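Novice: Chains as they are written, first to last, in this note's numbering: chain A, 400 to 653; chain B, 2 to 358; chain C, 74 to 369.
For every residue, glycine included, the Cβ atom is placed at its ideal position computed from N, Cα and C.
Nothing here was measured: the structure is a model prediction, and the numbers come from that model.
Handing you a structure now.
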Amino acid sequence: MTLLSVKDLNKRFGGLHAVNGVSFEVPQGVIKALIGPNGAGKTTLFNLISGTIAPDSGSVHFGGAPVQGLRPYQTASLGMARTFQHIRLFPKMTALENIMVGRHIHGKAGFIAGMLNLPFTWREEKNIRDKGLEIMDFLGIADQADAEATSLAYGQQRVVELGRALACEPRLLLLDEPAAGLNMRETVEMGKLITRIRDTGITVLLVEHDMTLVMNISDEILVLSYGQKIADDKPLAIQKNSEVIRNYLGEDDA
Amino acid sequence: MKARYMQVLLFVLSIIAIQLATTLTDSAYHLTQLTMTAYYTILILGLCMLVGYAGQLSLGHAGFFAIGGYMSAFLTTHDLSPYKAQASVALLADWGVLTSRPDLYGGSLLTVNPWAACIAAVCLTIVVAYIIGGPVLKLKGHYLAMATLGFGIIVYRIALASSSLGAADGISDVPPFRLLPGVEITGSSSARVMNYYVAWGGVTLGMVLLLNLIHSRVGRALSSIHGAEDAADAMGIPTARYKLKAFVLTAVLASVAGVMLTHYNGGIGPSEASVMKSVRYVAIVAVGGMANLWGALIMSLLLNFLSLRGCFGVYDDAVFGGILIIIMLFVPDGLLRRKVFSDIKGLFSRNTPGEET
Amino acid sequence: MGLDLFFQYVVAGITYGTIYAVVAIGFNIIYNTTGIINFAQGEFFMLGGMIAVTLHEFMPLPSAIIGAVVITMFAGALIEILFIRWLKNPSVLRMVMITIGISILIRDMALYIWGNGVKALPYFTGTSVTSIKLGGVFVSPQVLWVVGISTVMVALLNAFFNYTLLGRQMRACAANRTAARLCGINAKDMVTLSFMLSAAIGALGGCIVSPITYVQYDCGTPLAIKGFTVAILGGLGNSTAAVGAGMILGLLESFSIWVLPAAFKDVISISILLVILFVRPNGIFGSADAAKLKEF
């Protein structure tokens, strides 16, 4: 079953054709990696899917429904959650509170209910907190629940951000360079985490530069170069694809 | 019982203690300034939520205060008796919106009653806040500051230039506001104690509502918008709508405060809409620690009271300007925190952590 | 409306427009080197006028004006050194607050020193009733002084930023502070310099226009808002466009008297600011792509 289907997506920035007629599909329950040299349009494609920017033309279908042109908060409420290349945790909030923000779309309490502290919000708050703790437990950072998120070690901040996205209970998890800035041990741990997340049934689409990580965890790999798709295949086939090697692996430090 | 309600209880006890102290020391005249302080505090608490928690600077909240004050002052003093025969006025009278009362010269005035005027003022504020807030809150940084400042100046200029609003003199002879039978907002000295409790009761109510809000799902969402708007957006929070709602909510608080203080003082003048007032409110929020409702409350109580007592003399504005500079230079996170001293020390050491923009 | 009145409005519009452009250029100079909008910009203007009036009691007009410009320039430097120079990476909110605080302090200081009365320098040539016939229109010579001096000032500024080493260093800081620092430019001194320049320009503006508009301790804030409107209208940081934008605002304001009482003049110009901020925050002359590169 296809969860995400991108057709003929285009985005131009002035003279630069950042994403040029890209089409691909992400089946339910896989880890799909998006790779390509710097400036290949990976992050742009990512932002087009999540709604941070709107495409010039083309379509994005998520769970069968068109989502192109929707704002990020709308795609989020449909079940897409993302992390950021440069960590974007909420400062002056604890790690747990950060993750609790991720539960936003599963709550109902609005301004009035919040101000009046209505009884139904007590239960809701408790559920949000419990779920947050459960996720921290799953990620192995439960002991950091009350620490200020932005004061944590860099690697842990990445995990908290991952937890915040997981708290949305997404159908599709978009990870923008989840291993950026992590050391080798942390990268391996991150890979294991992502695999475990996939095993709970969440589909993962990730942009990543670390080839070892990509080859180890991905079920499918999409290769971009200068805004165009040049390959979309299983990891082993990608490694043998001559065009990919010429365009990317041969030039970059694979 | 949650800790925040214990704090509220403690606060209520201190309010009672202050009143008793003024009775014991035979200085009940202090209650007048304390009551006025309370109304400013309602505005400041709202502003604290907006600036400190939701991270949206407003240099125009005195404008909303003035809209509330002027609207209710105008409606409750504008004599409608010459228009009695008109169908619309007659209809309003039928609905019980109008009341007649004797004027200074023994004649009779037909005006809108204070409750209706208050509701009209709040409605007007909501409309204005929605119209202004929609586009303004899309702006950030200097642009947001200038736009809200501009809004404040527009309100000030309109108040100053409109003869129907009394121009430079403002509107006076605003009647008392009967909230409940026997409970009136009025400046008469016989009702001083009651008004003190009404005003601080209002503050307590506002405080409880806002404390609840910041500890709720919405409060968390607002803080997250402050911290990282794009990430909040990606977590499914409709940031524009939340910012607008918070803005309107605080505008309403400011407006209600304006209505009440106008009835208490029996009038309002254009200085209530001045930029300096808006800046002063922000300065108080800043001293209180930005994202700190109790800090804002304590600082508002202290500084507004001293200012209203005339302790700063001709340097009134300068004091608040100076406070603003000193706080922003040395302790941008506010005074009422535990870490203040280490932060000040940090300023003079070499490696201070980078700051958010 | 007779043709005479029409030209009167045009002349008034151009005069005020020039002043707004001068204030806007003051904003731009500081914005370009620091990314800060100096909310105390209008106060430089007021200080210039006030100091010149005081100095004129002891000395002839030209030296009073020069003295006022120099003193205000050093006041600008002092402000930068005291309040801005040593801050590490301050947030926008902090800078807004600090410059607002500074403007309040300067205003209150002026109130303390000069009182709340209006003050003015004498007309540079002739008196308030002197007028020159210029192509069928009577114009006060002071208007010519205002337009003339402002034109020379803009030309000199252009030359300074384009042809002198110092000016180019300042532009380098504007383009990329880190890179400029790596090239051995002392970015902090450039910021001080930009405050001095901005203060001097504001002060000069205050001097030349004071015979027509008078100065008062609290005349800075409205001017600052209008100068900011012009700066935004022309695209923040673009001083040449600010001149054109200044004319637009000056004329609009001048002709608004047709529609609304003069007391609403400020309401008109600030409403224009709001509309521009909502619709085209990058200015009517600016490009949207260029605005995105700015740090907002």
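1) Nearest to C/A193 by alpha carbon, out of C/T286, C/I258, C/G257?
2) I want to verify the contact list: residues of chain B whose CB lies under 7 Å from the CB of C/S344, in sequence order.
3) Alpha carbon to alpha carbon, how far is C/A336 from B/A162?
4) In chain order, what residues of the segment 491–509 of chain A put their CB closer than 7 Å to some CB of chain D?
5) DSSP beta-bridge partners for A/D632?
6) In chain A, which residues lie with their C-beta within 8 Å of the C-beta of B/L214?
7) Please name the residue or residues paired with A/D575 in a DSSP beta bridge.
8) Within the segment 64–127 of chain B, note down every full beta strand (DSSP E) run reaching 3 residues or more, in order along the chain.
9) In whole angstroms, what separates the C-alpha of B/A121 from that of B/T24?
10) For B/G237 and C/W159, what's the separation of their Cα atoms in angstroms?
11) Taking Cβ positions only, does C/V340 come closer than 9 Å to chain B?
12) Starting from the beta carbon of A/R487, find every residue of chain B whose beta carbon is closer than 7 Å, and list them in chain order.
13) Given a limit of 8 Å on CB to CB distance, which residues of the segment 288–321 of chain B reach chain C?
14) Helix, strand or coil for C/E130, going by three-state DSSP, please let me know.
15) For A/Q627, write down the residues that DSSP places opposite it in a beta bridge.
16) Going by CA-CA distance only, name the one from A/M610, A/S476, A/T594 that's closest to A/V603.
17) Hey, quick one: how far does the beta strand (DSSP E) through A/G420 stretch, first residue to last?
18) So which of A/E619, A/L612, A/Q556 has the shortest CA-CA distance to A/I430?
19) Can you say whether C/A248 is buried or exposed, counting buried as having 16 or more other CB atoms within 10 angstroms of its CB?
20) Considering only C-alpha positions, which residue in the set B/A287, B/V315, B/L125 is nearest to C/N183?
21) Is there a Cβ of chain A sitting closer than 9 Å to that of B/K362, yes or no?
22) Taking only the alpha-carbon atoms, compute the straight-line gap between C/Y93 and C/T224 and give it to the nearest angstrom.
23) How about A/L605 and A/E576: do their beta carbons lie closer than 9 Å?
24) Spell out whether any CB of chain B is found under 9 Å from the CB atom of C/T265.
25) Is the Cβ of A/F423 closer than 9 Å to any Cβ of chain B?
26) What is the rounded straight-line gap between the Cα of B/V128 and the Cα of B/E273?
27) Do we get a CB-CB distance below 9 Å when we pair C/T286 with the residues of chain B?
28) Pair every Cβ in the segment 165–178 of chain C with every Cβ in the segment 320–336 of chain B, then say whether three or more of these pairs are closer than 8 Å.
29) Measure the C-alpha to C-alpha separation of C/I186 and C/A141 and round it to an integer number of angstroms.
30) For C/A363, I'd like the list of residues in its chain whose CB is within less than 6 Å of its CB, leaving aside the five on either flank, ordered along the chain.
31) Who are the near neighbours of C/Q242 in its chain, counting only those whose CB is closer than 8 Å to its CB and skipping five residues on each side?
32) Count Cβ pairs between the segment 486–505 of chain A and the segment 213–221 of chain B that sit closer than 8 Å; are there 3 or more?
33) Within the same chain, show all residues whose beta-carbon is closer than 7 Å to that of A/E523, passing over the 5 residues directly before and after it, in chain order.
34) I need the straight-line Cα distance from C/W331 to B/K141, nearest angstrom please.
35) Name the chain C residues that come within less than 8 Å of B/R158, Cβ to Cβ?
36) Quick one: which residues of the segment 110–127 of chain C get their C-beta closer than 7 Å to a C-beta of chain B? List them in chain order.
Specialist: Per the coordinate set shown:
1) Reading the third sequence from its first residue, position 120 is the one you call residue 193 of chain C. Here the closest residue by C-alpha is C/T286.
2) If you number the third sequence from 1, residue 344 of chain C lands on position 271. In chain order: I155.
3) Translated into positions along the third sequence, residue 336 of chain C becomes position 263. Translated into positions along the second sequence, residue 162 of chain B becomes position 161. The alpha-carbon of C/A336 is positioned some 6 Å away from that of B/A162.
4) As a matter of chain content, chain D is missing from the structure shown, whose protein chains are A, B and C.
5) Stepping through the first sequence from its first residue, residue 632 of chain A is reached at position 233. In the DSSP output, where bridge partners are listed per residue, A/D632 has A/I620.
6) For the purposes of this step, residue 214 of chain B is taken as residue 213 along the second sequence, with counting starting at 1. Those are F510, G513, M514, listed as they occur along chain A.
7) Your numbering for residue 575 of chain A matches position 176 in the first sequence. Per DSSP, A/V606.
8) Counting only runs of 3 or more, we get 99–103, 109–113.
9) On the second sequence, residue 121 of chain B is found 120 positions in, with the first residue counted as 1. On the second sequence, residue 24 of chain B is found 23 positions in, with the first residue counted as 1. If you draw a straight line from the Cα of B/A121 to the Cα of B/T24, it is about 37 Å long.
10) As a position in the second sequence, residue 237 of chain B is number 236, starting the count at 1. As a position in the third sequence, residue 159 of chain C is number 86, starting the count at 1. C-alpha separation (whole angstroms): 40 Å.
11) Residue mapping note: residue 340 of chain C aligns to position 267 of the third sequence, counting from 1. So yes, C/V340 belongs to the interface.
12) Counted from its first residue, the first sequence places residue 487 of chain A at position 88. Going along chain B in sequence order, the residues near A/R487 (Cβ under 7 Å) are A229, D231, A232.
13) If you check each beta-carbon in the segment 288–321 of chain B against every beta-carbon of chain C, the ones closer than 8 Å belong to V315, Y316, D318, A319, F321.
14) Position 57 of the third sequence, counted from the start, is the residue given in the question as residue 130 of chain C. Coil, per DSSP.
15) Reading the first sequence from its first residue, position 228 is the one you call residue 627 of chain A. Answer by DSSP bridge pairing, in chain order: A/S624.
16) Taking the first residue of the first sequence as position 1, residue 603 of chain A is located at position 204. Shortest Cα-Cα distance from A/V603 to any of A/M610, A/S476, A/T594 involves A/T594.
17) On the first sequence, position 21 is the one that residue 420 of chain A refers to. A/G420: member of the beta strand (DSSP E) spanning 415–426, first to last residue.
18) For the purposes of this step, residue 430 of chain A is taken as residue 31 along the first sequence, with counting starting at 1. Closest by alpha carbon: A/E619.
19) Taking the third sequence and counting its residues from 1, the one referred to as residue 248 of chain C is at position 175. The residue in question, C/A248, is exposed, as its Cβ has fewer than 16 Cβ neighbours within 10 Å.
20) Numbered from 1 along the third sequence, position 110 holds the residue referred to as residue 183 of chain C. In the sequence as displayed, the identity of residue 183 of chain C is Ala instead of Asn. Out of B/A287, B/V315, B/L125, B/V315 has the C-alpha closest to the C-alpha of C/A183.
21) No information on residue 362 of chain B is available, as it lies outside the stretch 2 to 358 that chain B covers here.
22) The count along the third sequence starts at 1 and reaches residue 93 of chain C at position 20. The count along the third sequence starts at 1 and reaches residue 224 of chain C at position 151. Their backbone Cα atoms lie some 13 Å apart in a straight line.
23) Position 206 of the first sequence, counting from 1, holds the residue named residue 605 of chain A. Position 177 of the first sequence, counting from 1, holds the residue named residue 576 of chain A. Closer than 9 Å, so yes.
24) Locating residue 265 of chain C in the third sequence gives position 192, where the first residue counts as 1. Nearest CB-CB separation between C/T265 and chain B: not below the 9 Å threshold.
25) The residue you call residue 423 of chain A lines up with position 24 of the first sequence. So, not an interface residue.
26) Start at 1 with the first residue of the second sequence, and residue 128 of chain B comes out as number 127. Start at 1 with the first residue of the second sequence, and residue 273 of chain B comes out as number 272. For B/V128 and B/E273, the distance between alpha carbons rounds to 20 Å.
27) The residue labelled residue 286 of chain C in the question sits at position 213 within the third sequence. Look at C/T286: its C-beta is not under 9 Å from any C-beta on chain B.
28) At 8 Å Cβ cutoff, the stretches touch.
29) Numbered from 1 along the third sequence, position 113 holds the residue referred to as residue 186 of chain C. Numbered from 1 along the third sequence, position 68 holds the residue referred to as residue 141 of chain C. C/A141 has its alpha-carbon roughly 15 Å from the corresponding atom of C/I186.
30) Your numbering for residue 363 of chain C matches position 290 in the third sequence. Residue placement at C/A363 is poorly supported in this model, since its pLDDT is 45, which falls under 50; the coordinates still yield a value, given next. Excluding residues within five positions, none has a Cβ falling inside 6 Å.
31) Against the third sequence, residue 242 of chain C aligns to sequence position 169. So the qualifying residues of the chain are A253, I258, M263.
32) Here the segment 486–505 of chain A makes contact with the segment 213–221 of chain B; the two share three or more CB pairs at distances below 8 Å.
33) Mapped onto the first sequence, residue 523 of chain A falls at position 124. Excluding residues within five positions, the ones whose Cβ falls inside 7 Å are G506, K507, A508.
34) Residue mapping note: residue 331 of chain C aligns to position 258 of the third sequence, counting from 1. Residue mapping note: residue 141 of chain B aligns to position 140 of the second sequence, counting from 1. Near 35 Å, if we compare the C-alpha coordinates of B/K141 and C/W331.
35) Within the second sequence, numbered from 1, the residue matching residue 158 of chain B stands at position 157. The contacting residues are A336, F337, D339, V340, I343.
36) For the segment 110–127 of chain C, which is checked against every Cβ of chain B, the residues closer than 7 Å are I110.
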